[in-house]
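Heads up, the thing below is written out as structure tokens.
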Amino acid sequence: MQWGVYIHIPFCRQKCFYCDFPSYAGKESLMEAYVEALCQQIEIQGFSYRQKWGTPATIYIGGGTPTALPQEGMAKVLQAVAEYIGKDIDEFTVECNPGTVDEGYLQLLKKQGVNRLSFGVQSFSDKLLKKIGRIHTGEEACTVVRMAQKAGFANISVDLMYGLPGQSLSDLQESVGQADELAVRHLSIYGLQLEEGTAFARMAEMGKLNLPSEDEAEAMYDYMTHRLPELGYQRYEVSNFAPKGFESRHNLSYWHDVPYLGLGAAAHSYLDGKRYAAVTDLAAYIAGIRQNHEIWQMEEEATREHAMEEFAFLALRTAEGLSGRAFADKFKTSLHAVYGKSMAKMSEQGLLSVDENGCRLTEKGFKYGNVVFEAFIFD
Ligand code: SF4
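Counting in numbering that gives the first Met the number 0, the sequence shown runs without a single skipped number right up to 378 at its last residue.
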């Protein structure tokens, strides 16, 4: 049985100005208790699903900043994973912040079976890094990626952002060039979104955020979608690019309707057709684990229609698109019977390419993905 595990480490050295992820700065005093609770959850829940489904194909430790944990804390988590979830995982990723790892830390990850690193870099420009609240410089990011390569990590991903305040097209071009020069195997590129509750949203309200114009942001998007394939990074999902064979298997499994177990505060799970979310508050999570593992703040079984919508959106995010056969296998009805009209409409607008196997976003469709996703929502 194919399944994956996501482990959430909700600590960060400082909060980036654009970030609304469930992550906290200044909560170091809770780290030890959090690691203890997490290891208990790994032992109980992780082990129970391993017994049911075998060793998972992928594990992803994300955050927050997993490497904000001191080495001893990370060592305990990795030890619990090896003992209760499994060893020799096909794809085992840890997210790293360049300002938080050194050689010793990288060696620990390597020794414990981690075989893929994802570095949140966002930009190699010091001017921009400072403006968005990152804790590292561009040079530090380069140094740590090279250090990881030297430590034996061949599969490295870098996150970059575009549409940042004060960013120009040439800034993005330089960052893409730098990532390519580092020969990383995977790039995730996100456009800045102003999320409620973030420092950037507050600055925008006060008129203090100097964002690129729509035309400038579009030029950055166009550059990225054309330049990356020229450099050998093929787009395999809305925001993800990689040479063939280096696509993130863990992320692909989310878009391919594969079940996953989320461990830790704020982690989401998708198990036996139901979705769960753990409490985001750290003290509540720790107390919940101590008392009977009561940590869920959301537990939901989707209606048939909602499940179809979700299946369609997730598959449409990928370059492969939405497969008619996979849809029919899951819902026992044909894709054309359910979504024929929407597909025809999106195809007329040049946003979707439709054939007897299903449908997928065109280049224009990737750019205006939300229009397509909306067309797959039932009235
Ligand atoms: S390091 Fe990542 S998770 Fe932490 S605040 Fe910055 S973007 Fe958010």
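Glycine is no exception: its CB is placed at the ideal position from the N, C-alpha and C atoms. Keep in mind that this is a model prediction, so the values were computed, not measured.
>> Can you find the residues in the same chain that come closer than 6 Å, C-beta to C-beta, to S322, ignoring five residues on each side of it along the sequence?
In response: The residue you call residue 322 lines up with position 323 of the sequence shown. G357, listed in sequence order.
> If we ignore side chains and look at the alpha-carbon of each, how far apart do L230 and G244 end up?
Replying inline: As a working mapping, residue 230 is identified with position 231 in the sequence shown. As a working mapping, residue 244 is identified with position 245 in the sequence shown. For L230 and G244, the distance between alpha carbons rounds to 15 Å.
>> On the DSSP bridge list, what partners appear for A74?
In response: Taking the sequence shown and counting its residues from 1, one reaches residue 74 at position 75. Answer is none; A74 lacks a bridge partner.
> For the beta strand (DSSP E) that M160 lies in, which residues bound it at each end?
Replying inline: Reading the sequence shown from its first residue, position 161 is the one you call residue 160. It spans I155 to Y161 - the beta strand (DSSP E) in which M160 sits, taken as one unbroken run.
> Roughly how many angstroms lie between the CA atoms of Q106 and E173, to the nearest whole one?
Replying inline: Sequence index remark: in the sequence shown, residue 106 carries index 107 (1-based). Sequence index remark: in the sequence shown, residue 173 carries index 174 (1-based). Taking the straight line joining both Cα atoms gives about 30 Å.
> Are at least three pairs of beta-carbons, each pair with one atom in the stretch 218-234 and one in the stretch 32-50, less than 8 Å apart?
Replying inline: no
> Which residue or residues does DSSP assign as beta-bridge partners of H7?
Replying inline: Here residue 7 refers to the residue found at position 8 when the sequence shown is read from its first residue. Looking at the DSSP assignment, H7 forms a beta bridge with G61.
>> Beta-carbon within less than 7 Å of Y104's beta-carbon, same chain only, minus the 5 sequence neighbours each way: which residues are those?
In response: Here residue 104 is taken as the residue at index 105 of the sequence shown, counted from 1. Excluding positions up to five away in sequence, the list reads T66 and Q70.
> On the three-state DSSP scale, how would you describe L383?
Replying inline: Here the chain covers residues 0 to 378 and nothing more, so residue 383 does not appear.
> For I43, which residues from the same chain have a beta carbon less than 8 Å from its beta carbon, with the 5 sequence-adjacent residues on both sides left out?
Replying inline: Here residue 43 corresponds to residue number 44 of the sequence shown, with the count starting at 1. If we look at I43 and ignore the five residues flanking it on each side, its Cβ neighbours are H292.
> Would DSSP call G268 helix, strand or coil?
Replying inline: Numbered from 1 along the sequence shown, position 269 holds the residue referred to as residue 268. A quick correction: the sequence has Ser, not Gly, at residue 268. Of the three classes helix, strand and coil, the one that applies to S268 here is strand, per DSSP.
> Looking at C-alpha atoms only, which residue of Y5, K109, A276 and Q39 is the closest neighbour of A147?
Replying inline: Counting from one through the sequence shown, the residue named residue 147 turns up at place 148. Checking every option, the nearest Cα to that of A147 belongs to K109.
> Between which two residues does the alpha helix (DSSP H) harbouring K26 extend?
Replying inline: Along the sequence shown, read from residue 1 onward, the residue named residue 26 stands at position 27. Counting along the chain, K26 falls outside any alpha helix (DSSP H), and DSSP gives it neither H nor E.
> Of the residues G206, I88, I134 and A198, which one's Cα is nearest the Cα of Q1?
Replying inline: As a first step, residue 1 must be located in the sequence shown, where it is residue number 2. With distances taken between Cα atoms, Q1 lies closest to I88.
> CA-CA distance, L186 and L260?
Replying inline: Working through the sequence shown from its first residue, we reach residue 186 at position 187. Working through the sequence shown from its first residue, we reach residue 260 at position 261. When rounded, the distance between both Cα atoms is 25 Å.
> Whose CA, out of H305, G61, Y161 and Q40, lies closest to the CA of Q290?
Replying inline: Within the sequence shown, residue 290 is the residue found at index 291, counting from 1. Nearest option by C-alpha distance: Q40.
>> Below 8 Å, how does it come out for the stretch 20-34 and the stretch 206-213: are there three or more Cβ pairs, yes or no?
In response: no
> So what does E139 bridge to, in DSSP terms?
Replying inline: Along the sequence shown, one-based indexing puts residue 139 at 140. Paired residue(s): none; E139 is not in a bridge.
> Any idea if S169 is buried or exposed, counting beta-carbon neighbours within 10 angstroms, 16 or more meaning buried?
Replying inline: Stepping through the sequence shown from its first residue, residue 169 is reached at position 170. Classification of S169: exposed, given that the 10 Å Cβ count is below 16.
> Hey, quick one: how far does the alpha helix (DSSP H) through A200 stretch, first residue to last?
Replying inline: Looking up residue 200 in the sequence shown gives position 201. Note, A200: alpha helix (DSSP H), A198 to E204.
>> Nearer than 7 Å: is that true of the beta carbon of T197 relative to any heavy atom of ligand 1?
In response: Taking the sequence shown and counting its residues from 1, one reaches residue 197 at position 198. The answer is no for T197.
>> To the nearest angstrom, how far is the alpha carbon of Y284 from that of G263?
In response: In the sequence shown, residue 284 corresponds to position 285, counting from 1. In the sequence shown, residue 263 corresponds to position 264, counting from 1. Cα-Cα distance, rounded: 8 Å.
> Between the Cα of G112 and the Cα atoms of V80, E94 and T142, which residue gives the shortest distance?
Replying inline: Against the sequence shown, residue 112 aligns to sequence position 113. G112 has its Cα closest to that of V80, out of V80, E94 and T142.
> For ligand 1, is there a heavy atom less than 7 Å away from the beta-carbon of K149?
Replying inline: As a first step, residue 149 must be located in the sequence shown, where it is residue number 150. Checking the Cβ of K149 against ligand 1 gives no.
> What span of residues does the alpha helix (DSSP H) with K110 cover, start to end?
Replying inline: For the purposes of this step, residue 110 is identified with residue 111 of the sequence shown, where counting begins at 1. E102 to K110 is the extent of the alpha helix (DSSP H) around K110.
>> Using 8 Å as the threshold, is the C-beta distance between V76 and I6 below it?
In response: Position 77 of the sequence shown holds residue 76. Position 7 of the sequence shown holds residue 6. Going by C-beta atoms, V76 is nearer than 8 Å to I6.
> If you scan the stretch 274-343 from start to end, which runs of the alpha helix (DSSP H) of 4 or more residues do you find wholly inside it?
Replying inline: 281-289, 303-315 and 323-330
> What residues in its chain sit with their C-beta under 6 Å from that of Y235, if we drop five residues either side in the sequence?
Replying inline: Taking the first residue of the sequence shown as 1, we reach residue 235 at position 236. E246 and A318, listed in sequence order.
> In whole angstroms, what is the alpha-carbon distance linking A36 and Q78?
Replying inline: As a position in the sequence shown, residue 36 is number 37, starting the count at 1. As a position in the sequence shown, residue 78 is number 79, starting the count at 1. Taking the straight line from one Cα to the other gives about 14 Å.
> What three-state label does DSSP hand S47 in the structure shown?
Replying inline: As a working mapping, residue 47 is identified with position 48 in the sequence shown. Three-state DSSP puts S47 in a helix.
> Tell me the DSSP bridge mates of Y259?
Replying inline: Sequence index remark: in the sequence shown, residue 259 carries index 260 (1-based). The partner list for Y259 (beta bridge, DSSP) reads G3 and Y269.
> CA-CA distance, D19 and Y222?
Replying inline: Translated into the one-based positions of the sequence shown, residue 19 becomes position 20. Translated into the one-based positions of the sequence shown, residue 222 becomes position 223. For D19 and Y222, the distance between alpha carbons rounds to 27 Å.
> Hey, C15 and G132: beta-carbon distance below 8 Å or not?
Replying inline: As a position in the sequence shown, residue 15 is number 16, starting the count at 1. As a position in the sequence shown, residue 132 is number 133, starting the count at 1. Taking 8 Å as the Cβ cut-off, C15 and G132 qualify as a contacting pair.
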